[in-house]
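Notes for the one structure printed next.
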Amino acid sequence: MSKKLKIGLFGFGVVGQGLQDIIRGQDLNLEIIKIAIKNPDKKRSLDAHLFTTDHDELLNNPEINTIVELIDDADAAFSIVKKALISGKNVVSANKKMIATHLAELVELQEKHGSSLLYEGAVCGSIPIIRNLEEYYDNELLHGISGIFNGSSNYILSKIFNENLEYGVALKQAQDLGFAETDPILDVGGYDPKFKLAIATAHAYGLFINPDKILNVGIQNLSENDIRYAREKNFKIKLVPTARKISTKQVVTYVLPKFVKSDDFLYNVENEYNGVTVQAAFADKQFFFGKGAGGHPTGAAVLSDIAALRYDYRYEYKKYHQHNGLVHTDNVNIEIYLRYVHEYTVEKLKIDNIIERFSRNDYKYVIGNVSLKTLLANRDLLEQKDVFIAHTGRYTYTEQQIQVVSEEEILFS
Ligand SMILES: NC(=O)C1=CN([C@@H]2O[C@H](COP(=O)(O)OP(=O)(O)OC[C@H]3O[C@@H](n4cnc5c(N)ncnc54)[C@H](OP(=O)(O)O)[C@@H]3O)[C@@H](O)[C@H]2O)C=CC1
Ligand SMILES: N[C@@H](CC=O)C(=O)O
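With my numbering applied, the sequence shown corresponds to residues 0 to 412, in that order.
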């Protein structure tokens, strides 16, 4: 028999209301006791006595055994989740920024206080990728995970490529539909998919990577010329986070716009849908597909975590505790398309092995190799309006890199 969950819910916005819609009228052996919100003057669809702005009314209520954290403020969310875990309450959260930033501490708190924190809704909305990475895939067999992890930027790219909508109009639609973060630069700048990638990498490889160490380049500088270039080659541009083993001991991670060909699973992932490609040694490629943003899809993932808590489910972080010797590295070269204005940019990024170059007054690009390390060292340059880069999908190794991993099996080149 599962135990009855008495829930303290933080946040009644897109996801909080989505969750409430889903559980309304269902016999799920759970009850929302109180809801904490920020603005006491907002009109609510539920009875006023359920709402409070006092966090302690939930956190200190002995009747509440489960906290569901769905607010849009990562710092406040961390404080709530920390207090809840310390007091022995189980927690469900969808706050990827908070989780990615504090994962090691959150794991320690769970283990010290015997509480459980679940966060399937934080990574790719309705797609059950965390539990699959945690339970199903053995880390030695996983070559890589990549995909579309952000519904808003994918919605914008779909509207641009399929309907010729302007970037600003498409972004406004993504915001109106409740897909975008409160500050949409988190979406279009590739930060939100980076936080999701950091969480997914922790469950895929047991590697807890500080998100600041992961390169994220977004789609905010995309221009008409880039779109035309991709169309002429029959590519679509997608914002793709990647975690990949490049040798038996080394994992690279980054978030970059990518030219995607029509035979790629990601090519037909449109609008707010997300897709995750898992490359495993023997199973080969597997693909997960589903809605990555929106109140109901995310609410469904949150509800699945709530249901799992009824049976005391917890992440064991087995791969993290195994100390499997995997390390995070930036020591890899990738091939990129770079649109730029000043030759200085090409020099600064040390682009070499240039295989394509185009130069006109209003449009210049090169396709060549760059090291991930150099890209990370030049993040400011990459954010400038007149610069756009996209991964072509190809990797290369320098002689030096091959030597560095010479005792290892290089998994692909
Ligand atoms: N929208 C989506 O598709 C998805 C969102 N997420 C994540 O879920 C979380 C919630 O997102 P979303 O529902 O879209 O956000 P919204 O902006 O729609 O709602 C945020 C809610 O949090 C409340 N809130 C903000 N700060 C506080 C605080 N300090 N104390 C109490 N309540 C607070 C707000 O209160 P008030 O109502 O008074 O303003 C509001 O109810 C975020 O972490 C987001 O990244 C994850 C997956 C998908
Ligand atoms: N802003 C996010 C919401 C879900 O995580 C997105 O667009 O994917």
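Even glycine gets a Cβ: it sits at the ideal position worked out from N, Cα and C. In this text the structure is predicted, and so the values were computed from the model without any measurement.
| request: Determine the closest residue to Lys349 out of Ala93, Val340 and Asn368, with distance taken between C-alpha atoms. | output: Asn368
| query | If you check the beta carbons only, do Ala169 and Val275 fall under 9 angstroms apart? | reply | Going by C-beta atoms, Ala169 is not nearer than 9 angstroms to Val275.
| Cβ of Phe178 within 8 angstroms of any heavy atom in ligand 2? | yes
| said: Per DSSP, what are the beta-bridge partners of Leu238 in this structure? | reply: Pro256
| said: I need the DSSP call for Gly150, collapsed to helix, strand or coil. | reply: helix
| Can you tell me where the beta strand (DSSP E) with Glu104 in it begins and where it stops? | Glu104 -> not in any beta strand (DSSP E); alpha helix (DSSP H) instead, spanning Lys95 to His112.
| task | Starting from Asn360, follow its DSSP beta bridges and name the residues at the other end. | result | Bridge partners of Asn360: none, in fact.
| task | Return the CA-CA distance between Phe258 and Tyr228, expressed in angstroms with no decimal places. | result | C-alpha separation (whole angstroms): 10 angstroms.
| task | With DSSP as the reference, label Glu346 as helix, strand or coil. | result | helix
| message | For Val239, tell me which candidate among Tyr266, Ala103, Asp262 and Asn233 has the shortest Cα-Cα distance. | response | Tyr266
| said: 9 angstroms is my cut-off, CB to CB: does His390 come that close to chain D? | reply: This model lacks chain D altogether, as it is built from one protein chain only.
| request: Compute the distance between the beta-carbons of Ile128 and Gln278, then report whether it is under 9 angstroms. | output: Contact: no.
| field | Any non-hydrogen atom of ligand 2 within 8 angstroms of Ala75 CB | value | no
| task | Using three-state DSSP, classify Asp283 as helix, strand or coil. | result | strand
| In chain order, what residues of the same chain lie with their CB nearer than 6 angstroms to the CB of Ile70, ignoring the 5 residues before and after it? | Phe9, Gly10 and Ala76
| Got a sec? Which residues, its chain only, sit under 8 angstroms from Glu180 by beta carbon, not counting five neighbours each side? | Asp71, Ser151, Asp186 and Asp191
| request: Spell out the partners DSSP gives Arg454 in its beta bridges. | output: Because the chain is modelled from 0 through 412, residue 454 falls outside the range shown and cannot be assessed.
| task | Go ahead and pull the three-state DSSP assignment for Lys2. | result | For Lys2, the three-state secondary structure derived from DSSP is coil.
| query | In three-state terms, what does DSSP make of Ala389? | reply | strand
| message | So, for Ile21: in the same chain, excluding its five sequence neighbours on each side, which residues have a beta-carbon less than 7 angstroms away from its beta-carbon? | response | His295, Gly298, Ala299 and Leu302
| message | Residues in the same chain with beta-carbon distance under 7 angstroms from Val268, minus the five sequence neighbours each way, listed in chain order, please. | response | Ile147, Asn153, Gly274 and Phe288
| message | Below 8 angstroms, is the gap between the Cβ of Asn438 and the nearest heavy atom of ligand 1? | response | Past the edges of the chain, shown from 0 to 412, lies residue 438, and the structure says nothing about it.
| request: Count the other C-beta atoms from every protein chain shown that fall within 10 angstroms of the C-beta of Ala173, then say buried if there are 16 or more, exposed otherwise. | output: So Ala173 ends up on the buried side.
| request: Determine, using beta carbons only, whether Val326 and Val216 come nearer to each other than 9 angstroms. | output: no
| Alpha-carbon spacing of Tyr314 relative to Ala376, whole angstroms | 35 angstroms
| query | Ala93: beta carbon under 8 angstroms from a heavy atom of ligand 4? | reply | Ligands in the displayed structure: ligand 1 and ligand 2; ligand 4 is not one of them.
| message | Here's the rule: buried if 16 or more other CB atoms are within 10 angstroms of the residue's CB, otherwise exposed. What is Tyr135? | response | exposed
| said: Suppose contacts are defined by Cβ-Cβ distances below 9 angstroms. Is Val90 in contact with Glu68 by that definition? | reply: It is a contact, given that the beta carbons lie within the stated cut-off.
| Start and end residues, alpha helix (DSSP H) containing Gly79 | With the sequence shown as reference, residue 79 is identified as Ile, and Gly is not the correct amino acid for it. Element bounds for Ile79: Ala73 to Ile85.
| Does the beta-carbon of Lys363 have 16 or more other beta-carbons within 10 angstroms, so that it is buried, or is it exposed? | buried
| query | Which whole-angstrom value is the C-beta distance of Ile32 and Asn60, which I expect to be below 8 angstroms? | reply | Approximately 7 angstroms separates the beta-carbon atoms of Ile32 and Asn60; this is inside 8 angstroms, confirming the contact.
| query | Skipping 5 residues on each side, what residues in its chain have a beta carbon closer than 8 angstroms to that of Ile236? | reply | Leu156, Phe160, Ile218, Leu221, Asp225, Ile226, Ala229, Pro256, Lys257, Phe258, Val259 and Ala389
| field | Start and end residues, beta strand (DSSP E) containing Tyr336 | value | Judged by DSSP secondary structure, Tyr336 falls within the beta strand (DSSP E) whose first and last residues are Asn332 to Tyr339.
| query | From what residue to what residue does the beta strand (DSSP E) around Leu29 run? | reply | Leu29 to Ala35
| query | Which residues bound the alpha helix (DSSP H) around Val168? | reply | Tyr166 to Asp175
| query | Start and end of the beta strand (DSSP E) containing Ser92? | reply | Asn89 to Ser92
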